[in-house]
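Visitor:
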Ligand code: UT7
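Residue numbers (our numbering): 650 to 980.
(1) What do you get for residue 906, buried or exposed, if any count of 16 or more other CB atoms within 10 angstroms of its CB means buried?
(2) If residue 939 and residue 968 are in contact, beta carbons under 8 Å, what's the gap, nearest whole angstrom?
(3) Report the three-state DSSP secondary structure of residue 704 (helix, strand or coil).
(4) Residue 798: which of 961, 976 and 936 sits nearest, CA to CA?
(5) Indicate whether residue 980 and residue 959 have their beta-carbon atoms separated by less than 8 Å.
(6) How big is the Cα-Cα spacing for residue 776 and residue 947?
(7) If you measure from the CB of residue 873, is any heavy atom of the ligand UT7 nearer than 7 Å?
(8) To the nearest angstrom, how far is it from the Cα of residue 757 to the Cα of residue 786?
(9) What are the uninterrupted segments assigned as alpha helix (DSSP H) that are 4 or more residues long and contained completely in the stretch 789 to 838, given in chain order?
(10) Between the alpha carbons of residue 920 and residue 880, how many angstroms are there, rounded?
(11) Buried or exposed for residue 904, going by 16 or more other Cβ atoms inside 10 Å?
(12) Comparing alpha-carbon positions, which option in 754, 669 and 877 lies nearest residue 909?
(13) Helix or strand or just coil, what does DSSP make of residue 881?
(14) Quick check for students: name the residue ranges of the alpha helix (DSSP H) that lie wholly in the stretch 891 to 962, counting only runs of 4 or more.
(15) Tell me which same chain residues have a C-beta within less than 7 Å of the C-beta of residue 692, skipping the five on either side of it?
(16) When you compare only the Cα positions, how much space is there between residue 823 and residue 978?
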């Protein structure tokens with residue numbers, strides 16, 4: 650937990666990229682035993698974006714990074730670090746961030762990935778704060794990019810209705826005014842690792858004909874258990890981040906939760922007593938885009954002209970690991 654303090658980092662640019670191709674619930678009805686009604690009622694999702702065959706995660710991340718720099722009025726020469734949060738890297742190594750650095754033509758700036766499931770964007774902000782406030786970096790491009798549909802089993806109705814592809818990004822630098830990151834809270838519990846994981850392709854179960862035949866290269870999830878932990882942990886993270894920033898629930902102008910399931914979003918919003926219109930949600934059009942969901946939400950809120958200077962934003966996420974985190978932020 651980090652206390653409210655004077656020097657802080659702020660977001661000076663936002664942007665995102667989502668592939669054009671749409672997969673809606675009616676398309677899924679033709680693939681597995683499901684229905685538009687079930688998916689909407691249980692998840693809030695109507696459609697999601699799907700990357701094309703030839704796209705990898707870095708391609709989405711590069712587009713998001715480029716747009717974000719443009720929105721910030723910056724060029725690639727103006728950043729001195731690239732962090733990519735992803736659980737669906739292009740390759741096991743090099744990191745997706747290195748592919749992104751190449752794609753952006755970002756010279757020799759350091760670049761690395763963080764892999765903490767859907768919490769990756771918030772972990773990235775926390776990391777960026779440390780790097781910027783110690784003087785190690787001046788201006789960071791933080792991208793959350795995910796292409797989970799290539800790791801999803803389209804014969805498994807428990808998972809295939811949920812995920813979509815997208816990337817969102819922000820530019821982070823030291824704040825020169827009262828705005829910026831006020832506090833954070835981050836946690837992990839590795840004992841819950843097998844609730845949501847991708848079993849094969851790493852060193853535990855390297856790729857073999859058998860691992861492929863057993864469909865172990867697709868993500869697996871115990872949805873119901875994930876759901877319960879998510880509601881509990883997102884509530885905990887949100888309250889702890891508020892406490893660390895010496896804020897009250899009533900101070901929240903916008904609550905931006907990770908977009909995993911509309912029922913998780915609404916349950917957490919209720920626990921925080923945030924009125925529904927202040928709980929941001931775009932899950933109906935993107936599905937669960939993991940690390941990309943919070944930066945896309947931030948960008949959309951800003952584009953819609955809803956974010957006013959001084960607004961208090963609470964960002965909150967959970968993900969595979971299990972990991973969970975929240976960040977309180979003054980716009
Ligand atoms: O970013 C983190 C990633 N993960 C999550 O956030 C996932 C969190 N979990 C969830 O969102 C929900 O648990 C799900 C949406 C995955 C499932 O919803 P649920 O209300 O927890 O359903 P359930 O797993 O308890 O299943 C209820 C029923 C089962 O049928 P029976 O056994 O009652 O006959 C399932 O087989 O719904 C069935 N079911 C489906 N039916 C139609 C499961 N998936 C589907 C489906 N279409 N796609």
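Positions of the beta carbon are idealized from the N, C-alpha and C atoms, including for glycine.
Guide: In brief:
(1) buried
(2) 7 Å
(3) Here residue 704 sits in coil by DSSP.
(4) 936
(5) Going by C-beta atoms, residue 980 is nearer than 8 Å to residue 959.
(6) 19 Å
(7) yes
(8) Taken atom to atom, the span from the alpha-carbon of residue 757 to that of residue 786 is near 14 Å.
(9) As for any alpha helix (DSSP H) of minimum length 4 sitting wholly inside the stretch 789 to 838, the runs are 806 to 809, ordered along the chain.
(10) 9 Å
(11) buried
(12) 877
(13) The three-state secondary structure of residue 881, taken from DSSP, is helix.
(14) 911 to 920, 932 to 935 and 942 to 952
(15) 810, 811, 910 and 911
(16) In a straight line, the C-alpha of residue 823 is about 13 Å away from that of residue 978.
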